[in-house]
Amino acid sequence: MKKFCIKIISLALVGLVGGCSSQITTTAERDYGKAENGPPLQVPKPLSKKEISHYYDLPNPDATYTKISIVPPIL
Numbered sequence: 631m632k633k634f635c636i637k638i639i640s641l642a643l644v645g646l647v648g649g650c651s652s653q654i655t656t657t658a659e660r661d662y663g664k665a666e667n668g669p670p671l672q673v674p675k676p677l678s679k680k681e682i683s684h685y686y687d688l689p690n691p692d693a694t695y696t697k698i699s700i701v702p703p704i705l
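Numbers in our numbering are just positions in the sequence shown, counted from 1, shifted up by 630.
This is how it looks when you write it as structure tokens:
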């Protein structure tokens, strides 16, 4: 009985060690292992002031605007 337990334990250890050191077997995993980075990233130059639209600029808070009344007129 003791020899049987030793054989089972040794087989389990051999299976564990063999499973951890196995080579990559599938084609997809092999291709993934050989893969390299793609082409280098091309970053465009920063925009200059004349290339930026001022359509969405907020108004200047320091400018003085004519005060208008929102009270409805009395008829």
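Each residue gets a CB set at the ideal place from its N, CA and C atoms; glycine is no exception.
Which of helix, strand or coil DSSP assigns to residue i
i	result
Ile638	helix
Gly663	helix
Leu643	helix
Lys697	coil
Thr656	coil
Lys679	helix
Inter-residue spacing [alpha-carbon to alpha-carbon] between residue i and residue j
i	j	result
Lys632	Leu643	17 Å
Tyr686	Pro669	36 Å
Leu677	Leu688	20 Å
Ala665	Thr657	12 Å
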